[in-house]
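Participant:
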Amino acid sequence: MKRRDFSAQLAGLGIGLSTLASPLTASAQAAIKDSDYVRLSQPLSTEKGKIEVLEFFWYGCPHCFSFEPALDAWQKKLPADVAFRRVPVAFRESFAIHQRLYYAIEAMGKVEELHRKVFQAIHGERKRLDKEADILAFVEKNGVDKAKFLEVFNSFTVATKAKQASRLVDAYKIDGVPALGIHGRYFTSGQLAGSPERALVVADALIERSRKGG
């Protein structure tokens, strides 16, 4: 979903969900083309000793929701020298609450437990989760201490991580989600690569290129 499309999306979260295409055949996994990705004009610093892979997403994006199962399976099989992390975007001020929601559940060690449930609540149950009271009701329903969550949600640490995420979005020049940033050098997306699955194939190729110093 492109940045310019989010205004229309706010009118009805979860409507018109995209579905993932069937898995790529071996013949479709051809060498990647220059048009499958963007190379950053100014490389970013990354963690030494690791190949950094970032997923840029927004909880309200239906394409991110549809992409999540394939992405989750893919990232769990990444080699030990690859460091994967999610980066919530805030293209609009109203998205910032979802940034804080993600970083709060991350700080509490509950990404594995709650990340997919947030997507399901928004897109499957039509709960926008764009107000603090709704988020608190959601986490309490899922067995999280509401007072403890609220403390983390409003913490300096979460606010700092949200600001860092926005700086990464700007540095990668991300204008739509979901998108994958590779080692501070490249980014790709379903739109660039042709499909969400092929974006993962492109990401694999870019990871290998980064491993070789490309």
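Following my numbering, the residues of the sequence shown are numbered contiguously, the last one being 254. Yeah, the Cβ is synthetic: ideal placement off N, Cα and C, and Gly gets one too.
For a minimum of 4 consecutive residues, which ranges assigned as the alpha helix (DSSP H) are wholly contained in the stretch 127-186?
Facilitator: 136-147, 151-159, 172-181
Participant: Helix, strand or coil: how does DSSP classify Gly230 here?
Facilitator: Looking up residue 230 in the sequence shown gives position 190. Note: Gly230 maps to helix in three-state DSSP.
Participant: Report yes if the C-beta distance between Phe96 and Pro218 is below 8 Å; otherwise report no.
Facilitator: The residue labelled residue 96 in the question sits at position 56 within the sequence shown. The residue labelled residue 218 in the question sits at position 178 within the sequence shown. Their beta carbons are under 8 Å apart, which means Phe96 touches Pro218 by this criterion.
Participant: Using a 10 Å radius around the Cβ and a threshold of 16 neighbouring Cβ atoms, would you call Gln204 buried or exposed?
Facilitator: By one-based count along the sequence shown, residue 204 stands at place 164. Looking at its Cβ environment, which holds fewer than 16 other Cβ atoms inside 10 Å, Gln204 is exposed.
Participant: For Lys213, count neighbouring Cβ atoms within 10 angstroms of its own Cβ and tell me buried if that reaches 16, exposed if not.
Facilitator: What you label residue 213 is simply residue 173 of the sequence shown in a count that begins at 1. Counting C-beta atoms within 10 angstroms of its own C-beta, Lys213 has fewer than 16 neighbours from the protein chains shown and is therefore classed as exposed.
Participant: For a test of the three-state rule: what should DSSP assign to Ser67, helix, strand or coil?
Facilitator: Taking the sequence shown and counting its residues from 1, one reaches residue 67 at position 27. Its pLDDT being 37, under 50, Ser67 is placed unreliably by the model, and the measurement read from it follows with that caveat. In this structure, Ser67 counts as helix in the three-state DSSP scheme.
Participant: Could you tell me the boundaries of the beta strand (DSSP E) in which Val93 lies?
Facilitator: One-based indexing of the sequence shown puts residue 93 at position 53. Val93 -> beta strand (DSSP E) spans 91-97.
Participant: Helix, strand or coil: how does DSSP classify Ala120 here?
Facilitator: Here residue 120 refers to the residue found at position 80 when the sequence shown is read from its first residue. Coil, per DSSP.
Participant: Report the rounded CA-to-CA distance for Ala199 versus Ala245, giving the unit in angstroms.
Facilitator: Position 159 of the sequence shown, counted from the start, is the residue given in the question as residue 199. Position 205 of the sequence shown, counted from the start, is the residue given in the question as residue 245. In a straight line, the C-alpha of Ala199 is about 34 Å away from that of Ala245.
Participant: With a threshold of 8 Å on Cβ separation, who are the neighbours of Val192 within its own chain once the five nearest residues in sequence on each side are excluded?
Facilitator: The residue given as residue 192 occupies position 152 in the sequence shown. Only Ala144, Ala147, Met148, Val198 meet the Cβ criterion.
Participant: Can you tell which of Pro102, Gly234, Gly89, Ser206 has its C-alpha closest to the C-alpha of Arg166?
Facilitator: As a working mapping, residue 166 is identified with position 126 in the sequence shown. The candidate whose alpha carbon is nearest that of Arg166 is Pro102.
Participant: In this structure, does DSSP put Leu246 in helix, strand or coil?
Facilitator: Translated into the one-based positions of the sequence shown, residue 246 becomes position 206. Looking at Leu246 - three-state DSSP - the assignment turns out to be helix.
Participant: Determine the burial state of Phe159: buried for a count of at least 16 other Cβ atoms within 10 Å of its Cβ, exposed for fewer.
Facilitator: Along the sequence shown, read from residue 1 onward, the residue named residue 159 stands at position 119. Label assigned to Phe159: buried.
Participant: Give the DSSP-derived three-state secondary structure of Val78 in the structure shown.
Facilitator: Your numbering for residue 78 matches position 38 in the sequence shown. Note: Val78 maps to strand in three-state DSSP.
Participant: Looking at the secondary structure, which residues open and close the beta strand (DSSP E) in which Leu220 lies?
Facilitator: Position 180 of the sequence shown, counted from the first residue, corresponds to residue 220. Counting along the chain, Leu220 sits inside the beta strand (DSSP E) bounded by residues 219-222.
Participant: Excluding sequence positions up to five away, which residues of its chain have a Cβ less than 6 Å from the Cβ of Gly230?
Facilitator: Here the question's residue 230 lines up with position 190 in the sequence shown. Correct list, in chain order: Pro236, Ala239.
Participant: Specify the secondary structure class of Ala113 as computed by DSSP and reduced to three states.
Facilitator: Taking the first residue of the sequence shown as position 1, residue 113 is located at position 73. Correct three-state label for Ala113: helix.
Participant: Quick one, which of Phe227, Arg249, Gly183, Ala233 has its alpha-carbon nearest Leu84's?
Facilitator: The count along the sequence shown starts at 1 and reaches residue 84 at position 44. With distances taken between CA atoms, Leu84 lies nearest to Phe227 out of Phe227, Arg249, Gly183, Ala233.
Participant: Would you decide whether Glu92 is buried or exposed? Buried here means 16 or more other CB atoms lie within 10 Å of its CB.
Facilitator: For the purposes of this step, residue 92 is taken as residue 52 along the sequence shown, with counting starting at 1. Buried, because 16 or more other Cβ atoms sit within 10 Å of the Cβ of Glu92.
Participant: Relative to the C-alpha of His39, which candidate in Arg140, Lys73, Leu80, Trp98 has its C-alpha closest?
Facilitator: The first residue shown for the chain is 41 and the last is 254, placing residue 39 beyond what the model contains.
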